[in-house]
Every structure is written in C-alpha cells, then in structure tokens.
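Protein chains in written order, with our numbering: chain W, 73 to 206; chain H, 73 to 206.
There are 2 protein chains.
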Amino acid sequence: MQTQTTPTAPQSKPQASPQPQAPGRSLEHPRCEAIRLEDVLHALSDPMRMRVVRTLAEETCELSCSVFDLPISRSTTTHHFRVLRECGVIHQIYRGTAKMNVLRRADLDALFPGLLDSVLAAATLQEGRGGDRG
Amino acid sequence: MQTQTTPTAPQSKPQASPQPQAPGRSLEHPRCEAIRLEDVLHALSDPMRMRVVRTLAEETCELSCSVFDLPISRSTTTHHFRVLRECGVIHQIYRGTAKMNVLRRADLDALFPGLLDSVLAAATLQEGRGGDRG
DNA sequence: AGTGTAGTTTGACGATCGCCGTACTACTTC
DNA sequence: GAAGTAGTACGGCGATCGTCAAACTACACT
Numbered sequence: 073m074q075t076q077t078t079p080t081a082p083q084s085k086p087q088a089s090p091q092p093q094a095p096g097r098s099l100e101h102p103r104c105e106a107i108r109l110e111d112v113l114h115a116l117s118d119p120m121r122m123r124v125v126r127t128l129a130e131e132t133c134e135l136s137c138s139v140f141d142l143p144i145s146r147s148t149t150t151h152h153f154r155v156l157r158e159c160g161v162i163h164q165i166y167r168g169t170a171k172m173n174v175l176r177r178a179d180l181d182a183l184f185p186g187l188l189d190s191v192l193a194a195a196t197l198q199e200g201r202g203g204d205r206g
Numbered sequence: 073m074q075t076q077t078t079p080t081a082p083q084s085k086p087q088a089s090p091q092p093q094a095p096g097r098s099l100e101h102p103r104c105e106a107i108r109l110e111d112v113l114h115a116l117s118d119p120m121r122m123r124v125v126r127t128l129a130e131e132t133c134e135l136s137c138s139v140f141d142l143p144i145s146r147s148t149t150t151h152h153f154r155v156l157r158e159c160g161v162i163h164q165i166y167r168g169t170a171k172m173n174v175l176r177r178a179d180l181d182a183l184f185p186g187l188l189d190s191v192l193a194a195a196t197l198q199e200g201r202g203g204d205r206g
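Right, here's the structure in full:
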C-alpha cells in the first residue's frame, strides 16, 4: 500500500547549526524517571520508528524530520516522531522551520543499560539475514 | 515418544516429570529464522506478557500456564501465551492436561545477542525504581 | 506582502489489541 | 463411563494503532 518513495538513505547536509532555536514553540519531553520500558519497547516495535531510531543512532548530529524519506505520508511521519518523543526515545527541538531530532542515548543508557545497543545490534543482525523482506 | 503412562503398579508418586508429553495436540512454533525482532519487542511491550517472561526467566524448569496468577481471565491468559509462542519468545508443550512453558533463551540469545538479558535487566531496574505503580 | 518550505492538526478509516464470558475439547482420575 | 482439571475457540466490546488527505500554522526568504 506504499505510495511512491524510493527508499534512500537520508544524507545529512547540515554540519553546523545555522538556526539557534525556534522562539515560539516548545515540545514536551518526559523526564527520565517518567520513561517506561514498555513504552520504549512498543515504540521500537514499529518498523518505521525502528528505521528512524537506527538512522538517528548512526548519525552523531541532529537530523530534521524531512531527511528521513519514509514511505508514508507527512502526517503519519509526524505521528511516529511524536510517539518516539513522548515515550522518551528521541529529543526534538525546533530550528527555524525544521524540527531536529536526536536520540536520547545517554538517558536511555542510564535508565536501561545496554538495551538500546542490543536492540540496534539485533536490528542490524536481522537486516543482515535478509530480515527486511516479507 | 511412547506413552508408557501408568499401565500398572504406580507404587509411588513420580516427582520428576510425571507426564511425558501429551499425545494428541501439537503446537506450532516459529523456526528461529522466522523470529522477527519487531514481533518480539511488541510481545514484550505488554505488561502481562513481560511479567510472564520475567517469571519464566527466573525459573530454570518449565512452568504451566496455571501457576501464573495473572489478574486477567483464563481466555485472555491463553491469548497472551499464544502471542509469546507465535512470536518465538516461549516454547510450549502439552503434558497431560497442563501446558508447560519455557523461555526460548538459547534461540533468542543466538538471534539477538544480549537483547533478552538487557530487557530483563531493564525491567528489574524499572521495578526497583517503583516503576510498577501507576 | 507574497511565496515557499516544514511540520501540525483534525477527522476519518480499517485493522489490531486487550479484555471478557460462554461454551467447548483434551486429558486424568475416580 | 462420570467427574474434574487445564486450557481453547468463538464471538463480542471498546480502545488504540497506523494510515491517509485536507486544511492549517510557523518560519525563512525574497
């Protein structure tokens, strides 16, 4: 049911941050103590969100939502990023017209040591086995 | 696989495994290659199923479904155990009237090294923080 | 001011989920 | 055989999920 979209790796252009931070909007993030394991696992159990998290894990810099070329609509993309933020997996911040995303790696590692790494490794292993096909 | 079940003279209560294996029914389990990370994560994202998996991880022997005193109905319990089996997290086998459950630890460790351990550790840590209250 | 870019909100849709009770099957024991 | 125990199958219910399109807001750059 996917529309259009050639799945391509998102290349990241921005190396500095030209925009400081958007003045108007603020995003709600759960505090570390409020991050729940079941919510994190649920968030990671969706292929699209896993794809986002894996991409974010490979990059050290922040990535805007639009560099992820997901085979879903923009509103669904917004939805997935929100799920990831609200369960504490990513941190989001507005910069100009873009919304930048970073993995909350340190927070997750502190809360659930080794979890993120083993999930990411598992995803890579599965992909290597041809796990991305039906 | 023969059923030499109690033909004559059961002079004492057998305390090892009294039942060999139920003859009639067979349960479908996914082969290792068919186990998908996203299904495992989804299975573990439910509190009841996580509770089952944690209990199973603590015990080395197989446990029947009925020893889990879950605050849900029997039919819902059946449902959760089936989800866990069908996604490859547990192995189930009939013994007499009971259905015994074991974690597929070796399979999961081989497929996704460290994943199960870090998830279990994360669950324990969260519980230690008082994460089991609402 | 006007145009463009990036992301949001809303409302809808079908699918799935977690849950239940009831009725059923499979096995054991009497 | 009959009774009992352990678990299943079958709807059904309300909630949530992933998805979309359309209309909207916020910011940047002419």
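Glycine included, each C-beta is placed from N, C-alpha and C at the ideal position. These numbers come from a predicted model, not from an experiment.
When the cut-off is 8 Å and only beta carbons count, does residue i lie next to chain W?
| i | result |
| --- | --- |
| Phe184 of chain H | yes |
| His152 of chain H | no |
| Glu105 of chain H | yes |
| Ser190 of chain H | yes |
| Ala178 of chain H | no |
| Ser98 of chain H | no |
| Leu175 of chain H | no |
| Gly206 of chain H | Any reading at Gly206 of chain H must be qualified, since the residue scores a pLDDT of 44, below 50, and its modelled position is unreliable; no value is offered. |
Nearest to residue i by CA position, among the options, is which residue?
| i | options | result |
| --- | --- | --- |
| Arg154 of chain H | H:Asn173, H:Glu130, H:Leu142 | H:Asn173 |
| Ala182 of chain W | H:Ser190, H:Cys104, H:Leu135 | H:Ser190 |
| Ser136 of chain W | W:Thr150, W:Ser145, W:Pro143 | W:Thr150 |
| Leu180 of chain W | W:Leu99, W:Glu110, W:Ile165, W:Cys133 | W:Glu110 |
| Gln198 of chain W | W:Arg126, W:Glu105, W:Cys104, W:Leu175 | W:Arg126 |
| Ser115 of chain H | H:Gly168, H:His152, H:Ser98 | Just to set this straight, residue 115 of chain H is Ala in the shown sequence, not Ser. Cα-wise, what sits closest to Ala115 of chain H is H:His152. |
| Arg167 of chain W | W:Glu105, W:Glu134, W:Ala194 | W:Glu134 |
| Ala106 of chain W | W:Ala195, W:Thr196, W:Phe184, W:Ala194 | W:Phe184 |
| Lys171 of chain H | H:Ser138, H:His101, H:Ser117 | H:Ser138 |
| Ala195 of chain W | W:Cys104, W:Thr132, W:Ser117 | W:Ser117 |
Whole-angstrom Cβ separation of residue i and residue j, contact assumed at under 8 Å?
| i | j | result |
| --- | --- | --- |
| Arg108 of chain W | Gly203 of chain H | 7 Å |
| Leu113 of chain W | Leu113 of chain H | 5 Å |
| Ile165 of chain H | Leu99 of chain H | 7 Å |
| Arg177 of chain W | Leu187 of chain W | That pair is no contact at about 11 Å. |
| Leu175 of chain H | Leu142 of chain H | In fact, because the Cβ distance is near 17 Å, the residues do not count as touching under 8 Å. |
| Arg146 of chain W | His101 of chain W | Not confirmed; about 22 Å, so no contact. |
Flag residue i as yes if its beta-carbon sits less than 8 Å from any beta-carbon of chain H, otherwise no.
| i | result |
| --- | --- |
| Pro143 of chain W | no |
| Glu110 of chain W | yes |
| Thr77 of chain W | Residue confidence for Thr77 of chain W is low, a pLDDT of 33 falling below 50, so the modelled location carries little weight; the figure read from the coordinates is stated next. No, because no Cβ of chain H sits closer than 8 Å to the Cβ of Thr77 of chain W. |
| Met122 of chain W | yes |
| Leu197 of chain W | yes |
| Leu156 of chain W | no |
| Pro102 of chain W | no |
| Arg201 of chain W | yes |
| Leu187 of chain W | yes |
| Leu113 of chain W | yes |
| Ala59 of chain W | Because residue 59 of chain W is not part of the residues shown, which for chain W are 73 to 206, the question remains open. |
| Pro86 of chain W | Note on Pro86 of chain W: pLDDT 36, under 50, position unreliable in the model; the coordinate value appears next. By this cut-off, Pro86 of chain W is not an interface position. |
| Ala170 of chain W | no |
Helix or strand or just coil, what does DSSP make of residue i?
| i | result |
| --- | --- |
| Leu142 of chain H | coil |
| Leu135 of chain W | strand |
| Val161 of chain W | coil |
| Leu99 of chain W | coil |
| Val155 of chain W | helix |
| Arg121 of chain W | helix |
| Arg167 of chain W | strand |
Task: contact_flag[the stretch 110-124 of chain W, the stretch 149-163 of chain W] where n(CB pairs < 8 Å) is 3 or more - done: yes
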